[in-house]
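Have a look at the structure below, then the notes.
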Amino acid sequence: MEIYNLIKSKRIVLGLTQDDVADRLNVTRQAIQNWENNKRAIPNNLIAKYFEILDLNATEILSLFGFLSNDNLMIEEIDYSKKGIEEFQEYENAEVLMNFPTLYLGVGKQRNKYTNSIKQLAYVGEASSIVRRTNEHLNASNDKLNEIKADADNKKETLYIVGHSKFNKSATLELEQMFMDALLGDPKFFKIYNGRNNGLSLDFYERNAYRGAVFPEIWEQLRQKDVVSSLTEVHNSALFANSPFKSLSPKQLEAKELITQKISETLNKTSDNAVIKIEGLAGSGKTVLMSQLFYDFWKNPVKVTETDGITTHKSSVALLVRHEQQRRTYEQIAKKLNMGQNVVMDVSTFINKGKKVDVLLVDEAHLLWSGNYSRAKSETWEPELMALHKLAKTLVLIYDPNQLVSARSKVEDNDQLVDILNGDKTFTINLDEQWRINANQQTIEWIQSLAHFDKNSLVTTPKDKGYDIKFFDDASAFRKAIEIKNQNNGLSRMVATYDWKYSQGSRPKDGNLFWNVTFGDEVMPWNLELPEVKPAQKKQIPWQEIDGSLNEVGSDFTVQGIDLNYVGVILGPSVVWNEEINALDIDADRSMDHQKIRKIKGTYNTVENKKYLRNVVNVLLTRGVHGLYIYAIDDKLREKLMGLTK
Numbered sequence: 020m021e022i023y024n025l026i027k028s029k030r031i032v033l034g035l036t037q038d039d040v041a042d043r044l045n046v047t048r049q050a051i052q053n054w055e056n057n058k059r060a061i062p063n064n065l066i067a068k069y070f071e072i073l074d075l076n077a078t079e080i081l082s083l084f085g086f087l088s089n090d091n092l093m094i095e096e097i098d099y100s101k102k103g104i105e106e107f108q109e110y111e112n113a114e115v116l117m118n119f120p121t122l123y124l125g126v127g128k129q130r131n132k133y134t135n136s137i138k139q140l141a142y143v144g145e146a147s148s149i150v151r152r153t154n155e156h157l158n159a160s161n162d163k164l165n166e167i168k169a170d171a172d173n174k175k176e177t178l179y180i181v182g183h184s185k186f187n188k189s190a191t192l193e194l195e196q197m198f199m200d201a202l203l204g205d206p207k208f209f210k211i212y213n214g215r216n217n218g219l220s221l222d223f224y225e226r227n228a229y230r231g232a233v234f235p236e237i238w239e240q241l242r243q244k245d246v247v248s249s250l251t252e253v254h255n256s257a258l259f260a261n262s263p264f265k266s267l268s269p270k271q272l273e274a275k276e277l278i279t280q281k282i283s284e285t286l287n288k289t290s291d292n293a294v295i296k297i298e299g300l301a302g303s304g305k306t307v308l309m310s311q312l313f314y315d316f317w318k319n320p321v322k323v324t325e326t327d328g329i330t331t332h333k334s335s336v337a338l339l340v341r342h343e344q345q346r347r348t349y350e351q352i353a354k355k356l357n358m359g360q361n362v363v364m365d366v367s368t369f370i371n372k373g374k375k376v377d378v379l380l381v382d383e384a385h386l387l388w389s390g391n392y393s394r395a396k397s398e399t400w401e402p403e404l405m406a407l408h409k410l411a412k413t414l415v416l417i418y419d420p421n422q423l424v425s426a427r428s429k430v431e432d433n434d435q436l437v438d439i440l441n442g443d444k445t446f447t448i449n450l451d452e453q454w455r456i457n458a459n460q461q462t463i464e465w466i467q468s469l470a471h472f473d474k475n476s477l478v479t480t481p482k483d484k485g486y487d488i489k490f491f492d493d494a495s496a497f498r499k500a501i502e503i504k505n506q507n508n509g510l511s512r513m514v515a516t517y518d519w520k521y522s523q524g525s526r527p528k529d530g531n532l533f534w535n536v537t538f539g540d541e542v543m544p545w546n547l548e549l550p551e552v553k554p555a556q557k558k559q560i561p562w563q564e565i566d567g568s569l570n571e572v573g574s575d576f577t578v579q580g581i582d583l584n585y586v587g588v589i590l591g592p593s594v595v596w597n598e599e600i601n602a603l604d605i606d607a608d609r610s611m612d613h614q615k616i617r618k619i620k621g622t623y624n625t626v627e628n629k630k631y632l633r634n635v636v637n638v639l640l641t642r643g644v645h646g647l648y649i650y651a652i653d654d655k656l657r658e659k660l661m662g663l664t665k
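Throughout the sequence shown, residue numbering follows the numbering used here, covering 20 to 665 in sequence.
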């Protein structure tokens with residue numbers, strides 16, 4: 020079937036109008052009509068999103084691009100050895116695999132002697148000539164494929180060779196990149212031995228077929244061989260979400276090139292303490308960019324000119340984040356990619372070490388403390404941002420003022436901090452694309468307006484069949500809805516504003532086992548309370564990936580910077596309806612977040628405190644990739660919200 024006929028028939032089967040599809044793609048209805056009547060070609064940058072909206076399966080996409088018309092996809096499994104490659108050349112399918120570019124995956128296995136569980140080691144590559152390339156690997160003295168074989172049990176390694184007569188160099192490079200991205204998030208794999216990041220973002224002929232169908236088909240065939248996990252499990256991994264192997268958008272790539280150039284220029288000057296700031300709203304791709312910068316500067320250090328202007332050395336890099344859950348993710352990425360020790364640290368540890376680095380990357384820098392809250396000696400203490408500035412030749416910060424959630428991070432009262440963040444010597448990059456929320460532009464703007472407490476933001480929700488917004492007046496139904504979404508889609512959790520008591524390291528005096536969140540008839544523990552969650556945290560598993568965390572309520576402390584498929588937000592008593600401006604509002608006296616806000620003249624209801632608590636709500640409301648469910652404690656607000664859906 021021709022593409023124009025298929026997109027029309029799929030749209031009709033799904034019950035979508037041309038206006039529905041146009042709305043999701045942010046184009047005109049006339050554009051959809053032209054594409055369905057074969058009067059215009061669909062722009063390449065919209066095809067992947069178009070296919071996703073119409074729910075095209077892999078077979079349909081492969082058929083459209085001619086991948087099922089002749090030689091089908093082939094995967095050959097051989098022993099990684101001289102004998103194995105010699106025998107491979109006699110295989111029936113070897114001719115196609117030897118005469119066209121191929122993808123190959125080397126896999127070794129290690130059994131944990133304590134748990135008896137098996138973890139895999141992997142290397143993925145691509146080759147114009149698989150026989151020549153494999154022999155190059157085998158004959159090399161210092162080679163990643165050989166390293167896997169040396170580390171694997173029984174010194175055995177399997178090579179999976181993937182090919183098709185339509186493969187070309189651009190395609191195999193793209194598939195290699197996608198495999199590195201997915202393998203990082205696959206729990207079956209313990210280490211990835213790859214040594215490069217293709218960093219692809221440029222388009223090429225039929226790229227969307229490879230991304231939308233060829234890669235999933237290869238992965239599924241390997242899953243059936245029990246080599247890899249399901250793509251759903253991979254995509255629900257925090258490591259996958261923050262992988263440095265993501266293909267960047269043109270704007271992200273432009274930002275990366277500017278930052279890389281700026282860092283390189285700084286490192287070749289004798290002066291230091293340069294600052295690069297990356298700003299952008301929640302979900303604008305800041306962390307993916309930071310992750311890629313981190314990996315690239317670790318893998319490919321640049322020459323640094325020392326203070327004498329003559330001596331040089333290779334650049335050092337470290338990544339810091341005060342947010343504990345996000346730090347765990349970076350630590351796992353570093354471990355899986357064999358990046359060594361002390362490349363990812365918490366802020367306090369790095370400052371206490373006092374060892375200067377050339378490139379210091381700080382994610383979630385709006386969480387840095389500007390006051391002495393860690394009981395450090397007053398004579399040696401200084402605000403964290405100032406201390407980090409002195410310990411870096413180049414300091415790269417991700418900073419979102421709309422996610423500044425605590426008085427502990429206030430910078431306005433310190434001119435030195437303001438100058439570091441906004442001074443003339445600070446180079447600022449802005450990211451304004453929305454990558455987390457998978458919705459049409461109207462829905463994205465509606466969520467952002469609600470989360471920013473904009474005037475007249477409590478209005479009817481936009482029509483969007485691709486993103487699910489629901490309000491609940493029954494707490495049990497709200498909880499059940501998130502549990503069902505987690506069962507069907509994974510990575511769905513409940514979160515709440517900090518409006519119920521909690522004290523880390525102690526137990527309630529009323530006899531309860533846990534510090535609880537009470538909403539309607541439901542009572543659930545706060546995050547990191549349940550005994551089944553704590554052991555997983557000790558293993559550095561992020562909160563949202565722990566199965567038992569479905570039975571807890573998260574806070575901004577656990578979910579800032581992370582993605583959830585569906586987020587259920589409990590707006591506590593401190594979040595109310597401001598009828599005058601028809602928007603959310605804050606009653607700070609009803610908040611329990613007293614470590615982050617300050618009481619003045621008997622009340623917490625100050626402009627500053629309200630700003631911090633609004634930002635907490637912003638963090639919570641912008642976590643969901645596919646859906647946002649809300650239950651409000653305040654009766655008037657809950658009634659107002661219930662009237663907002665069509």
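For each residue, glycine too, the CB sits at the ideal point set by N, CA and C.
Residue closest to residue i, alpha-carbon to alpha-carbon, out of the options
{"i": "N421", "options": "T641, W238 and E55", "result": "T641"}
{"i": "S262", "options": "E225, I600 and I211", "result": "I211"}
{"i": "H254", "options": "A494, E564, T462 and T324", "result": "E564"}
{"i": "E166", "options": "Y99, K207 and N187", "result": "Y99"}
{"i": "P106", "options": "T153, G125 and L75", "result": "Here residue 106 turns out to be Glu, not Pro, going by the sequence shown. Comparing Cα-Cα distances from E106 to each of T153, G125 and L75, the minimum goes to T153."}
{"i": "G567", "options": "P561, V578, I581 and E551", "result": "E551"}
{"i": "N597", "options": "I352, K618 and S476", "result": "S476"}
{"i": "Q559", "options": "T348, R498, G587 and E325", "result": "T348"}
{"i": "L178", "options": "K163, R526 and S428", "result": "K163"}
{"i": "Q523", "options": "H332, W545 and P120", "result": "W545"}
{"i": "F472", "options": "D443, N601, A353 and L241", "result": "N601"}
{"i": "G442", "options": "Y486, L356, N292 and A496", "result": "N292"}
{"i": "M358", "options": "D451, L338 and G621", "result": "L338"}
Distance between beta carbons of residue j and residue i, contact taken as under 8 Å
{"i": "L122", "j": "V181", "result": "4 Å"}
{"i": "L663", "j": "T480", "result": "6 Å"}
{"i": "D608", "j": "Y623", "result": "5 Å"}
{"i": "I439", "j": "V294", "result": "6 Å"}
{"i": "V381", "j": "V424", "result": "16 Å between Cβ atoms; not a contact."}
{"i": "A494", "j": "D540", "result": "6 Å"}
{"i": "R191", "j": "E145", "result": "Position check: residue 191 holds Thr in this sequence, whereas Arg was assumed. Their Cβ separation, rounded to whole angstroms, is 4 Å, which keeps T191 and E145 in contact under 8 Å."}
{"i": "I352", "j": "L267", "result": "That belief does not hold up - the Cβ atoms of I352 and L267 are roughly 17 Å apart, past 8 Å."}
{"i": "V514", "j": "V478", "result": "Not a contact, Cβ separation roughly 24 Å."}
Environment of residue i [buried if 16+ CB atoms lie within 10 Å]
{"i": "V133", "result": "In the sequence as presented, Val is not what sits at residue 133; that position holds Tyr. Looking at its Cβ environment, which holds fewer than 16 other Cβ atoms inside 10 Å, Y133 is exposed."}
{"i": "S248", "result": "buried"}
{"i": "H613", "result": "exposed"}
{"i": "Q447", "result": "Strictly speaking, residue 447 in this sequence is Thr, with Gln absent from that position. T447 comes out exposed."}
{"i": "V626", "result": "exposed"}
{"i": "E742", "result": "Since the first residue shown for the chain is 20 and the last is 665, residue 742 is missing from the structure and cannot be characterised."}
{"i": "N628", "result": "buried"}
{"i": "T516", "result": "buried"}
{"i": "N118", "result": "exposed"}
{"i": "R427", "result": "buried"}
{"i": "G328", "result": "exposed"}
{"i": "T326", "result": "exposed"}
{"i": "S334", "result": "buried"}
{"i": "M199", "result": "buried"}
{"i": "K305", "result": "buried"}
Chain-order list of residues whose beta-carbon lies under 6 Å from that of residue i (same chain, five-residue window excluded)
{"i": "I488", "result": "T480 and L647"}
{"i": "I51", "result": "Q37, V40 and A41"}
{"i": "N505", "result": "S511 and L569"}
{"i": "F316", "result": "V336 and V378"}
{"i": "A301", "result": "T641"}
{"i": "A260", "result": "D582"}
Other residues of its chain near residue i: CB distance less than 7 Å, five sequence neighbours each side excluded
{"i": "I466", "result": "I456, L640, T641 and L647"}
{"i": "S593", "result": "T516, D518, I605, D606, A607, R609, S610 and L632"}
{"i": "H342", "result": "E383, L386, Q579 and G580"}
{"i": "S303", "result": "L450, D451, E452, Q453 and W454"}
Residues near residue i in its chain [Cβ-Cβ closer than 8 Å; skip 5 each side]
{"i": "L65", "result": "L44 and V46"}
{"i": "D365", "result": "L339, V340, R341, E343 and R346"}
Proximity test, residue i beta-carbon vs the ligand ZN heavy atom, cut-off 6 Å
{"i": "S610", "result": "No copy of the ligand ZN appears in this structure; indeed no ligand is present at all."}
Original post:
Is it true that the segment 580-589 meets the segment 270-284, where meeting means three or more beta-carbon pairs spaced less than 8 Å apart?
Top reply: no
**OP:** Assess, as a yes-or-no matter, whether the segment 304-320 is touched by the segment 223-240 under the definition of 3 or more beta carbon pairs within less than 8 Å.
**Re:** no
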